[in-house]
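Enquirer:
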């Protein structure tokens, strides 16, 4: 009911002839408004208490914290107006609670968006976490392959060198051939050293990414620890967010 009409009906002398009926009607309007206020405030208090889990956890943004504080202040102000036991106090309380509804809707939307963002981050973190063992396995495989190649080259070089050395000890080989064989032996050992060095570089020296294999594995293990902590934090935040969501708004 419009406040001006309520005042007019309450004090206008033209209604004096039917004053009892008018007063009874105004009392009914007051009681109806008061009952509605009590329900609105009760529902608002319930919802504010529920979303308090999110705000008390410290996860909410400063903007949402400000809106939540306004919601709590609105509930307190509405209760003060209601305790005036007047129609105008009840009407003011309804107006206050109407604004509180809009704030609660904004906070709930922000909460749902935050929960969705947290779930996306959790999915990304879990994918990276589960992929780390594969990355470590590939690095170790590459290291093992490099070692094996080096060993094969070394074994082959030693075998060739032994055969050539056997040729040096033969009396049927002339001095010129012996010098040639000696040069070949020296060259083969030089190539063996270079080949082994090249193989070692693959897993001891920095690769194309700027990290050596051992450091890369260490970094991946450290990243796994970080992801374990991050996943735990995200799961906790998501749980609090879901507990704070109001599936069906009551105010």
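In my numbering, the protein residues as written are 1 to 251. C-beta: ideal position from N, C-alpha, C; glycine also.
State yes or no: is the C-beta of residue 221 within less than 8 angstroms of the C-beta of residue 129?
Expert: If you number the chain shown from 1, residue 221 lands on position 221. If you number the chain shown from 1, residue 129 lands on position 129. Against a cut-off of 8 angstroms, the Cβ pair of residue 129 and residue 221 comes out as no contact.
Enquirer: Which runs of the alpha helix (DSSP H) at least 4 residues long sit entirely within the region 14-88? Give them in chain order.
Expert: You should have 19-56, 62-82.
Enquirer: Would the region 51-59 count as touching the region 11-24 if we require 3 or more Cβ pairs under 8 angstroms?
Expert: Flag = no, the region 51-59 and the region 11-24 do not touch.
Enquirer: Helix, strand or coil for residue 97? Go by DSSP, reduced to three states.
Expert: Here residue 97 corresponds to residue number 97 of the chain shown, with the count starting at 1. If DSSP states are grouped into helix, strand and coil, residue 97 belongs with the helices.
Enquirer: Less than 8 angstroms between C-beta atoms, sequence neighbours within five positions excluded: which residues of the same chain meet that for residue 205?
Expert: For the purposes of this step, residue 205 is identified with residue 205 of the chain shown, where counting begins at 1. Low confidence applies here, because residue 205 scores a pLDDT of 45, under 50, leaving its location unreliable; read the following figure in that light. If we look at residue 205 and ignore the five residues flanking it on each side, its Cβ neighbours are 212.
Enquirer: What number of angstroms, rounded off, separates the C-alpha of residue 66 from the C-alpha of residue 50?
Expert: As a working mapping, residue 66 is identified with position 66 in the chain shown. As a working mapping, residue 50 is identified with position 50 in the chain shown. Going from the Cα of residue 66 to the Cα of residue 50 covers about 17 angstroms.
Enquirer: With C-beta atoms as the reference, is residue 40 less than 8 angstroms away from residue 111?
Expert: By one-based count along the chain shown, residue 40 stands at place 40. By one-based count along the chain shown, residue 111 stands at place 111. Against a cut-off of 8 angstroms, the Cβ pair of residue 111 and residue 40 comes out as no contact.
Enquirer: Below 8 angstroms, how does it come out for the region 74-81 and the region 89-103: are there three or more Cβ pairs, yes or no?
Expert: Touching, yes, given that three or more Cβ pairs across the two stretches are closer than 8 angstroms.
Enquirer: Quick one: is residue 240 buried, meaning 16 or more other Cβ sit within 10 Å of its Cβ, or exposed?
Expert: One-based indexing of the chain shown puts residue 240 at position 240. So residue 240 ends up on the buried side.
Enquirer: Counting along the chain, where does the alpha helix (DSSP H) carrying residue 238 start and finish?
Expert: To locate residue 238, count along the chain shown from 1; it is residue 238. Looking at the DSSP string, the run of the alpha helix (DSSP H) that includes residue 238 is 213-244.
Enquirer: Tell me which residues share the same chain as residue 103 and place their Cβ nearer than 7 angstroms to its Cβ, disregarding the 5 neighbours each side in the sequence.
Expert: Counting from 1 along the chain shown, the entry for residue 103 is found at position 103. Cβ within range, chain order: 67, 70, 71.
Enquirer: Under a Cβ-count criterion, where at least 16 other Cβ atoms within 10 Å of its own Cβ denotes burial, should residue 107 be classed as buried or exposed?
Expert: Stepping through the chain shown from its first residue, residue 107 is reached at position 107. Buried: at least 16 other Cβ atoms inside 10 Å.
Enquirer: Do you know offhand how far residue 188's Cα is from residue 226's?
Expert: Stepping through the chain shown from its first residue, residue 188 is reached at position 188. Stepping through the chain shown from its first residue, residue 226 is reached at position 226. Approximately 49 angstroms between the Cα atoms of the pair.
Enquirer: Expressed to the nearest angstrom, what Euclidean distance is found between the alpha-carbon atoms of residue 118 and residue 42?
Expert: By 1-based counting over the chain shown, the position of residue 118 is 118. By 1-based counting over the chain shown, the position of residue 42 is 42. Those two C-alpha atoms are separated by around 31 angstroms.
Enquirer: I believe residue 82 touches residue 34 by the beta-carbon criterion, under 8 angstroms. Please report the beta-carbon distance rounded to the nearest angstrom.
Expert: Looking up residue 82 in the chain shown gives position 82. Looking up residue 34 in the chain shown gives position 34. Sure, about 7 angstroms apart at Cβ, within 8 angstroms.
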